[in-house]
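In what follows, a single structure is set out as structure tokens and then discussed.
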Amino acid sequence: MENVTILIVDDNPVDVRLTIEALKQKNNHNEIIVLSDGEEALNFLNKKGQYKNAPVPDVILLDLKMPKVNGQEVLVQIKNDPKLSSIPVIVLSSSDAPADISESYLNKANCYITKPFDVDEFFRTIQAIENLWFDRAKLPTAPIKK
Numbered sequence: 003m004e005n006v007t008i009l010i011v012d013d014n015p016v017d018v019r020l021t022i023e024a025l026k027q028k029n030n031h032n033e034i035i036v037l038s039d040g041e042e043a044l045n046f047l048n049k050k051g052q053y054k055n056a057p058v059p060d061v062i063l064l065d066l067k068m069p070k071v072n073g074q075e076v077l078v079q080i081k082n083d084p085k086l087s088s089i090p091v092i093v094l095s096s097s098d099a100p101a102d103i104s105e106s107y108l109n110k111a112n113c114y115i116t117k118p119f120d121v122d123e124f125f126r127t128i129q130a131i132e133n134l135w136f137d138r139a140k141l142p143t144a145p146i147k148k
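Residue numbers are given in our numbering: position 131 of the sequence shown equals residue 133, and the series is strictly consecutive.
In structure tokens, the structure reads:
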């Protein structure tokens with residue numbers, strides 16, 4: 003597994019801590035960046051203000067229910083921006099509402115996963131994400147030139 007830059011956008015500190023712990027069990031060399039709201043995520047991705055030198059993430063783990071700008075709006079802006087649209091976005095949400103799932107896929111999410119409430123299952127879920135997206139799937143390595 004190559005080292006990847008993972009952007010976690012989630013306002014729940016417990017979920018963030020568990021996600022980081024699960025990701026680091028397998029590979030401690032990935033760069034993990036955590037942002038706690040959608041507005042901050044968009045500033046980061048668009049290299050605004052303090053984020054002018056921010057790296058482009060290889061994959062984004064995106065929560066839906068967040069302050070300022072919600073995850074669906076972040077997803078829409080990512081997927082409608084030619085510079086960002088090829089970044090895989092995995093929606094990782096506590097919501098299992100069919101409307102949230104459908105809207106996420108309509109907004110071009112690459113994957114939708116409901117956060118388990120059981121800690122052990124949460125770890126297994128994050129590790130399954132890691133196994134698929136970082137070990138098996140081929141991530142884009144360069145932006146598409148149009």
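Don't be surprised by glycine CBs; every beta carbon is placed ideally from N, CA and C. Note that the structure is predicted; figures quoted are calculated from it, not measured.
- By the criterion of a C-beta distance shorter than 7 Å, Asp-13 is surrounded in its chain by Ser-38, Asp-39, Asp-65, Met-68 and Pro-69, once the five residues flanking it on both sides are discounted.
- In the three-state reduction of the DSSP assignment, Val-61 falls in the strand class, which pools E and B.
- A direct Cα-Cα distance of roughly 25 Å separates Trp-135 from Tyr-53.
- Tyr-114: member of the beta strand (DSSP E) spanning 113-116, first to last residue.
- Residue environment: Glu-33 is assigned as exposed (fewer than 16 neighbouring CB atoms within 10 Å of its CB, all protein chains considered).
- The criterion of a C-beta distance shorter than 7 Å is satisfied by Val-71 and Glu-41.
- Distance from the Cα of Ala-111 is smallest, within the candidate group Val-93, Pro-100, Thr-127 and Asp-122, for Val-93.
- For Val-36, the enclosing beta strand (DSSP E) covers residues 33-37.
- By the criterion of a C-beta distance shorter than 6 Å, Ile-35 is surrounded in its chain by Leu-9, once the five residues flanking it on both sides are discounted.
- About 7 Å separates the beta carbon of Ile-131 from that of Ile-115, a gap short enough to meet the 8 Å contact definition.
- Under the DSSP definition of a beta bridge, Thr-7 partners with Glu-33.
- Counting the other CB atoms within 10 Å of its CB gives Ala-139 a total below 16, which places it among the exposed residues.
- When DSSP reads this structure, Ser-95 sits in a beta bridge with Thr-116.
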